[in-house]
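Below: one structure, written as structure tokens.
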Amino acid sequence: MAGSDPEKLITKADKLSVSLSLSGLLLVLALRKKLELEGPDLSYVALGFRLAKKYEKAKQAFEKASKGQEMLASPWDAAKHMESAAALAKELSNWREVADFYRRASELYNECGRSQPASDALSKGAR
Numbered sequence: 001m002a003g004s005d006p007e008k009l010i011t012k013a014d015k016l017s018v019s020l021s022l023s024g025l026l027l028v029l030a031l032r033k034k035l036e037l038e039g040p041d042l043s044y045v046a047l048g049f050r051l052a053k054k055y056e057k058a059k060q061a062f063e064k065a066s067k068g069q070e071m072l073a074s075p076w077d078a079a080k081h082m083e084s085a086a087a088l089a090k091e092l093s094n095w096r097e098v099a100d101f102y103r104r105a106s107e108l109y110n111e112c113g114r115s116q117p118a119s120d121a122l123s124k125g126a127r
């Protein structure tokens with residue numbers, strides 16, 4: 001994956017997530033498995049963008065990674081990616097997104113029954 005073009009990986013993930021969100025109830029499990037097996041790991045794509053100092057693209061990739069983890073019913077991982085997106089929004093001085101992302105991360109932590117990380121995320125958003 002190290003030699004893959006991040007832009008192509010983002011496009012591939014978008015196509016897979018659109019097909020997942022537009023599918024009927026009968027196809028959800030099959031498409032989730034397809035997303036797990038074929039979908040690029042957007043957290044690595046986001047890390048690549050962050051290392052290249054393309055913070056806006058990294059933030060968007062972390063958002064998409066979070067959404068993908070939500071689709072795969074993994075709220076803990078989704079919350080971690082959302083916190084990473086919030087940290088990048090903070091770096092970009094986009095204060096509205098900072099608050100929104102940390103709030104969403106808190107909701108995701110609560111979803112998996114983790115109240116301490118949820119409150120920590122809210123406190124980060126308040127700073």
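1 is the number of the first residue of the sequence shown in full-length UniProt numbering; add one for each residue after it. From the three backbone atoms N, C-alpha and C, an ideal C-beta is built for every residue, glycine too. Remember, predicted model here, so these are calculated numbers, not experimental data.
- Query: Can you tell me the Cα-Cα spacing of Leu122 and Ala58, whole angstroms?
  - Reply: Their backbone Cα atoms lie some 22 angstroms apart in a straight line.
- Message: Quick check on DSSP: helix, strand or coil for Gly48?
- Response: Look at Gly48 here: in three-state DSSP terms it is helix.
- Short Cβ contact (8 angstroms threshold) for Arg103 with Gly68: Cβ atoms of Arg103 and Gly68: not closer than 8 angstroms.
- Per-residue burial, Lys64 [other beta carbons within 10 Å of its own, 16 or more giving buried]: The residue in question, Lys64, is buried, as its Cβ has 16 or more Cβ neighbours within 10 Å.
- Message: Just verifying my parser: in three-state terms, what is the DSSP assignment at Arg103?
- Response: Helix at Arg103.
- Quick one: grab the DSSP three-state call for Arg127. If DSSP states are grouped into helix, strand and coil, Arg127 belongs with coil.
- Can you grab the Cα-Cα spacing for the pair Asp41 / Arg114, in whole Å? C-alpha separation (whole angstroms): 24 angstroms.
- Message: According to DSSP, is Ala73 part of a helix, a strand, or is it coil?
- Response: Coil, per DSSP.
- Task: Check whether the Cβ atoms of Ala105 and Glu83 lie closer than 8 angstroms to each other.
- Result: For Ala105 and Glu83, yes; Cβs fall inside 8 angstroms.
- Message: Quick check on this structure: which residue in Asp5, Pro117, Glu107, Lys54 has the alpha carbon closest to the alpha carbon of Leu88?
- Response: Measuring C-alpha to C-alpha distances from Leu88 to each of Asp5, Pro117, Glu107, Lys54 identifies Lys54 as the nearest.
- Message: On the criterion of 16 or more Cβ atoms from any shown chain inside 10 Å, does Ser119 qualify as buried, or is it exposed?
- Response: Exposed is the call here.
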